[in-house]
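*Asks:*
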Amino acid sequence: MKKNSLLLILFATSCFFTNSFSQNIGNQGGSNPPVQPRSYCLTATFMDLDNKAILDNPSEFYDLTNIHFYVKLYFHVIRLSNGTGGQTASSVNQAYNILKNDYINYAIHLNWDGNIDYINNSTYYNSPNSNIFNVNRHTDGVDIYLFSNSSTAGGLANGVGTSAQLFVSGSYWNSPYGSLITSRVISHELGHVFGLWHTHHGTYPEGGNDNPCPELVNGSNSAYCGDYVTDTPADPHIMFSVNASCGWLGSGTDANGQPYNPDTRNIMSYTSPDCMSYFTVRQAGRMRKALRSLPFLQAVSTFGYEPLTKNQDNNSTKKSVTVYPNPVDGDILNVKIEGDDFRKTNSNYEFFDINNNKISSGKFDKLISTQNLKGGNYVLKLNIGGEIITKKIIINHKNK
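When the letters of the sequence shown are read in order and numbered with mature numbering (1 follows the signal peptide of the UniProt record, and there is no 0), they come out as residues -22 to -1, 1 to 378.
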């Protein structure tokens, strides 16, 4: 266990609410308590203190625009025990395309092999809850569980920057009553997996003992209050109260008496699903920072310094290249190319550190020496007969 033990956090941040609420926010800076929703979706979540320290450190912001992340996804569809009901293959594909398109602009590439895991269990089908996260889960990808459109409306991630599971269920409770599964609610929940809080976190008392505090409208405390993201405006909780043009229908002022003006198009806000449109630059930076730094996300992703081709996505190339062992504990990295003869192939390698600095390079013939590399994360770029293949390599030299 790390020096800092796991911190139990009870909060409502990784859930989408299941009811519509009062539209009057009230004076967040005055004596009147905030209007409470009729129903919360509350989850018990463990947050690793080391992970929190990495993501919430206001002195560190990683743009990482030169790094592309590749995240593996698994889709599960919950059906009745007799195999009926649940989402169609077409709906799963639609949900995947929403995710893929929402994240690709931020150099986060979401990869799915097209296979659907069907979970035929009426108990799960009739009662969406976090128990589903223990069913057929993986360690090398994000598990996405999709319930039926007729289930209780909601979305739930298994923590904020904590674990790689989420589910979405039901349909929106306001007109036009569309499926949440094929809306940006699914992108909202994946944002939690990648370390994002709600934009109203801290400003609205949704729980959590991460010492949340209200964000001021002037942004002076936005690095350590609210959602810890400095380019999202203070949000007292939109409560889905928006008009057809996505204008906020609520009102309220902060502790300084300044009126709130929340972003009703931010994917991490509690706006109408039809208004959800984007992440901010620093929300994207926080997610990429999480992908680069948090062990559970390193396990479900790879990264490189240029977009992979279709044949390279998910480490699947025309030459089917395998590098091992990875992590590397010794001084030798093996490279295996299925169906190729190294003696007929001009093969070169380059090692880059996380800041895209070239550390070493040379030619190789099945073996690459790592004895001069310090422990850490690297990108290995292989040029095999003109085909560029990128691999993430972890060096575990204990004595260097």
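Glycine is no exception: its CB is placed at the ideal position from the N, C-alpha and C atoms.
Roughly how many angstroms separate the alpha carbons of G308 and I94, rounded to a whole number?
*Replies:* Within the sequence shown, numbered from 1, the residue matching residue 308 stands at position 330. Within the sequence shown, numbered from 1, the residue matching residue 94 stands at position 116. Straight-line Cα distance between these residues: approximately 38 angstroms.
*Asks:* Counting Cβ pairs, one atom from each stretch, are 3 or more of them under 8 angstroms apart for the stretch 248 to 259 and the stretch 211 to 228?
*Replies:* Segments in contact, yes.
*Asks:* Considering V171, what are the terminal residues of the alpha helix (DSSP H) in which it resides?
*Replies:* Numbered from its first residue, the sequence shown carries residue 171 at position 193. Start and end: 163 to 171.
*Asks:* Use the C-beta contact count for D205: other C-beta atoms within 10 angstroms, 16 or more gives buried, fewer gives exposed.
*Replies:* For the purposes of this step, residue 205 is identified with residue 227 of the sequence shown, where counting begins at 1. D205 should be labelled buried.
*Asks:* For S161 versus G64, is the C-beta distance shorter than 7 angstroms?
*Replies:* Mapped onto the sequence shown, residue 161 falls at position 183. Mapped onto the sequence shown, residue 64 falls at position 86. Not a contact, by the Cβ cut-off of 7 angstroms.
*Asks:* Do V278 and V49 have their beta-carbon atoms positioned less than 7 angstroms apart in this structure?
*Replies:* Start at 1 with the first residue of the sequence shown, and residue 49 comes out as number 71. Start at 1 with the first residue of the sequence shown, and residue 278 comes out as number 300. Contact: yes.
*Asks:* Go ahead and pull the three-state DSSP assignment for T101.
*Replies:* In the sequence shown, counting from the first residue as 1, residue 101 sits at position 123. Note: T101 maps to helix in three-state DSSP.
*Asks:* Taking contact to mean 3 or more Cβ pairs, one atom from each stretch, closer than 8 angstroms, check whether the stretch 106 to 121 and the stretch 143 to 153 are in contact.
*Replies:* With a cut-off of 8 angstroms, the stretch 143 to 153 and the stretch 106 to 121 count as touching, because enough Cβ pairs lie within range.
*Asks:* CB K341 to CB N361, shorter than 7 angstroms?
*Replies:* As a working mapping, residue 341 is identified with position 363 in the sequence shown. As a working mapping, residue 361 is identified with position 383 in the sequence shown. Not closer than 7 angstroms, so no.
*Asks:* Determine the burial state of I310: buried for a count of at least 16 other Cβ atoms within 10 Å of its Cβ, exposed for fewer.
*Replies:* Here residue 310 is taken as the residue at index 332 of the sequence shown, counted from 1. Flag for I310 reads exposed.
*Asks:* Look up W90 in the DSSP assignment and give the residues it is bridged to.
*Replies:* Counting from 1 along the sequence shown, the entry for residue 90 is found at position 112. Its beta-bridge partners do not exist; DSSP assigns none.
*Asks:* Indicate the three-state DSSP secondary structure (helix, strand or coil) for R115 in the structure shown.
*Replies:* Taking the first residue of the sequence shown as position 1, residue 115 is located at position 137. Here R115 sits in coil by DSSP.
*Asks:* Under a three-way DSSP split, which group does K369 fall into?
*Replies:* Position 391 of the sequence shown, counted from the first residue, corresponds to residue 369. Three-state result, K369: strand.
*Asks:* Would I97 pass as a contact of V113 if the rule is Cβ separation under 7 angstroms?
*Replies:* Indexing the sequence shown from 1 puts residue 97 at position 119. Indexing the sequence shown from 1 puts residue 113 at position 135. Yes, Cβ-Cβ distance for I97 and V113 is below 7 angstroms.
*Asks:* Is it the case that the Cβ atoms of G354 and N374 are separated by a distance below 7 angstroms?
*Replies:* Position 376 of the sequence shown holds residue 354. Position 396 of the sequence shown holds residue 374. Result no, Cβ atoms of G354 and N374 do not sit closer than 7 angstroms.
*Asks:* Where does Q290 land, buried or exposed, given buried means 16+ other C-beta within 10 angstroms?
*Replies:* One-based indexing of the sequence shown puts residue 290 at position 312. Because the pLDDT of Q290 is 42, which lies under 50, any placement of that residue in the model is unreliable, and the number read from its coordinates should be weighed accordingly. With 16 or more other Cβ atoms within 10 Å, it is buried.
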